[in-house]
Structure formats: structure tokens, C-alpha cells
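Residue numbers (my numbering): 83 to 426.
Note sheet for the following structure.
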């Protein structure tokens with residue numbers, strides 16, 4: 083098969099490689115149809131390290147993957163050849179303490195699709211996944227919508243970690259694809275006023291499409307002052323979705339006493355910091371997010387039911403041979419890109 087290998091910083095090579103084969107009774111072979119370029123993929127593309135994590139090249143990236151089942155192992159019953167599925171990218175062991183207590187996303191032996199040294203990603207003509215990781219798509223859903231369900235699942239999980247959001251005021255700092263999904267998830271779950279911030283004009287406009295009640299650009303205005311002018315007691319919840327120290331500082335300033343900061347963004351630095359006096363005096367709860375936990379089927383269901391409309395997120399489409407252009411476009415945030423989709 084043909085596959086796009088990430089071979090170094092800003093280097094992608096498309097070449098022939100052996101296709102995966104059914105090896106276990108529960109294996110499912112999927113013909114990739116739509117693979118989203120995620121912000122974490124861009125971390126590996128733009129730098130050879132993320133925090134203290136050193137990237138090991140080469141590998142096939144891509145974990146936002148949907149496609150058509152072509153072959154199944156002898157004990158597979160959930161899906162069959164011809165079905166369109168989205169792949170849950172985190173493959174857990176099912177036996178460790180984390181898995182046994184309902185936390186498969188922090189499995190001690192977790193393997194992740196498209197992560198170097200772990201599982202081959204979807205940026206190829208074929209990919210392999212266990213049956214339990216293949217979520218069937220309803221007939222009216224497209225493979226592109228399936229791929230977009232993966233980032234939506236992260237937003238749904240993050241929203242759930244904040245507790246009940248119904249009627250609560252919230253901000254989403256950074257409206258890339260995950261931040262936009264967070265806005266949509268909050269609105270779908272009944273949140274009150276949702277404020278969104280973004281430095282890229284096209285993405286700020288997209289936040290309105292996603293349902294934000296107010297948007298602002300932190301490069302052009304005093305975000306904290308503007309939001310608190312409308313929400314003088316402060317906000318109930320802030321979702322930090324860009325991985326920047328400045329956004330963490332804004333979040334602390336925006337939250338009311340007893341508020342919750344949900345950290346979704348992935349900083350490139352080894353460490354971030356907080357004003358300990360403000361965090362302590364306000365008794366702010368800081369909740370980190372590790373990918374998502376069993377929310378992919380919910381995301382598929384919400385898209386299928388029309389509760390969340392994700393199609394506007396997919397703005398740019400590329401064939402496999404143009405995978406590097408897809409990454410460059412997404413990394414530079416040019417041409418109004420929100421989500422670049424590679425279609426092998």
C-alpha cells in the first residue's frame with residue numbers, strides 16, 4: 083500500500099510499504115477514506131519534541147481516521163466488509179488497574195493509532211484496528227463526518243469533566259478544531275453564555291458558526307476586561323484549548339471563586355505556571371484532559387441526530403500524495419483552514 087511517513091521535522095514522504103494483515107481473531111482491516119490532521123500531529127511535524135517527549139521518526143501518523151471495512155478476523159461480529167467505521171485510536175489492554183476502574187484512556191499499556199513507536203496511523207491506504215475500536219457509522223453519515231467525530235469526542239469528554247454545564251457561563255480560549263468542538267459541545271449540553279477567543283480571524287468567525295455568543299481576538303483587545311464587563315462575577319468554567327501560557331493566565335483571571343479550569347490544550351514547553359495566590363484564593367479547580375474516555379459513540383450519535391453540525395470544520399481536502407501540503411496548510415493556518423482532511 084501507499085502511506086505517508088513522517089520522517090523528520092517538516093518532512094513527509096509518501097512511499098510503498100507492506101499493507102497490514104489480519105493477524106488476530108478480532109482484527110478489522112479498514113480502507114482509509116478520511117483522515118484529519120490534528121493539532122498533536124502538527125506538534126510532531128513542527129518539532130522533534132513535545133515537552134519532554136522526544137519524537138522518534140519515521141512513522142505513519144493520523145488518528146482521526148474513518149474508512150470502509152475490507153476484511154475482518156474470524157471472531158468479528160460488530161462490523162462486516164462494506165461497513166463505514168470511525169476508529170477509536172486508543173487501544174487499551176483491558177486488564178490493568180486503569181482499565182478495570184473505567185479509565186481505558188490512561189491504560190498502563192495504552193497504544194495509540196498514529197503515535198510513533200506504537201500503532202501505524204491512518205495516513206495510509208489501509209489501517210488495522212481491533213473490533214472494539216471500530217465504531218460503525220449510520221448510513222447517512224460520511225467518512226469525513228466520522229473523522230470529525232474523533233475531535234468532537236474529546237470536547238464532549240472535556241465538557242463532562244467540568245461537571246454539569248447546563249446554564250453555566252463558560253469561555254473557550256482558542257478555537258481551533260478542538261476549541262470549536264468545545265463550543266458546540268457546550269451549547270449542545272445546555273450551557274449558558276459561551277465566550278470564545280481566537281487570534282486567527284477565520285477561526286474567530288467559525289466560533290460564531292459553532293454557537294459562541296461572543297468572540298474576541300486577544301491580540302486586539304483586553305479579553306479579560308471585555309468578558310468581565312458582561313460577566314462581572316466571573317465565569318463558571320473556562321476551557322483552555324490552545325496550550326499557551328497567556329491563555330492559562332486569562333483563564334485564572336476570568337474564573338469566579340470556585341470556578342473550574344479545564345486544560346485541553348497541549349503546551350510545547352515542559353512546564354507551565356499559575357499565579358498560586360489567585361488560584362488558591364479563588365479555590366479554582368484545575369482539571370487536565372487526557373484525550374477522551376468512551377465518548378466516540380456519543381459523538382457519532384450527536385452528529386447523526388443533528389444535535390451537533392460538524393461539516394463546516396472540514397475546510398481543505400488533499401489526496402495522499404499531497405499529505406505534506408495538508409500539514410503545511412494546517413500548520414500555517416493559511417487559506418482559512420480549520421481542519422485539513424487527507425483522503426487516501
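From the three backbone atoms N, C-alpha and C, an ideal C-beta is built for every residue, glycine too.
Using 10 angstroms around the beta-carbon of residue i, count the other beta-carbons present and answer buried if the total reaches 16, otherwise exposed.
i: residue 412; result: buried
i: residue 253; result: buried
i: residue 259; result: buried
i: residue 324; result: buried
i: residue 381; result: buried
i: residue 91; result: exposed
i: residue 358; result: exposed
i: residue 139; result: exposed
i: residue 312; result: exposed
i: residue 414; result: exposed
For residue i and residue j, which I take to be in contact (beta-carbon distance under 8 Å), what is that distance rounded to the nearest angstrom?
i: residue 369; j: residue 343; result: 7 Å
i: residue 405; j: residue 96; result: 6 Å
i: residue 171; j: residue 145; result: 4 Å
i: residue 297; j: residue 278; result: 5 Å
i: residue 394; j: residue 288; result: 7 Å
i: residue 231; j: residue 247; result: Incorrect: roughly 20 Å between the Cβ atoms, too far for contact.
i: residue 137; j: residue 204; result: In fact, because the Cβ distance is near 18 Å, the residues do not count as touching under 8 Å.
i: residue 108; j: residue 155; result: 5 Å
Report the residue from the options whose alpha carbon sits nearest the alpha carbon of residue i.
i: residue 328; options: 250, 358, 256; result: 256
i: residue 263; options: 112, 333, 120; result: 120
i: residue 338; options: 345, 363, 284, 118; result: 363
i: residue 111; options: 209, 220, 216; result: 209
i: residue 416; options: 403, 424, 426, 397; result: 397
i: residue 153; options: 224, 421, 162, 353; result: 162
i: residue 326; options: 216, 267, 280; result: 280
i: residue 276; options: 320, 284, 192; result: 320
i: residue 372; options: 105, 207, 347, 425; result: 347
i: residue 160; options: 224, 175, 216; result: 216
i: residue 190; options: 181, 196, 198; result: 181
i: residue 219; options: 102, 127, 147; result: 147
i: residue 166; options: 136, 202, 113, 122; result: 113
i: residue 299; options: 291, 309, 164, 292; result: 309
i: residue 237; options: 423, 390, 424; result: 390
i: residue 322; options: 130, 316, 336; result: 336
Give me whichever residues DSSP pairs with residue i in a beta bridge.
i: residue 416; result: DSSP lists no partner for residue 416.
i: residue 52; result: Because the chain in this structure spans residues 83 to 426, residue 52 falls outside the shown range and cannot be described.
i: residue 136; result: 131
i: residue 122; result: Answer is none; residue 122 lacks a bridge partner.
i: residue 85; result: 97, 206
i: residue 114; result: 149
i: residue 297; result: 278
i: residue 307; result: According to DSSP, residue 307 bridges with nothing at all.
Using a C-beta cutoff of 9 Å, does residue i count as contacting chain B?
i: residue 322; result: Protein chains in the displayed structure number just one, and chain B is not present.
Query raised in the report: What are the complete alpha helix (DSSP H) segments, minimum 4 residues, inside the stretch 157-229?
Result: 179-182
Requested in this report: Jot down the residue ranges of each uninterrupted beta strand (DSSP E) in the stretch 218-288, minimum 3 residues, whole runs only, in chain order.
Outcome: 252-255, 276-279
Report task. Could I get the ranges of all uninterrupted alpha helix (DSSP H) runs contained in the stretch 311-372, with 4 residues as the minimum, in chain order? Result -> Fully enclosed alpha helix (DSSP H) runs of 4 or longer: 327-336, 358-363.
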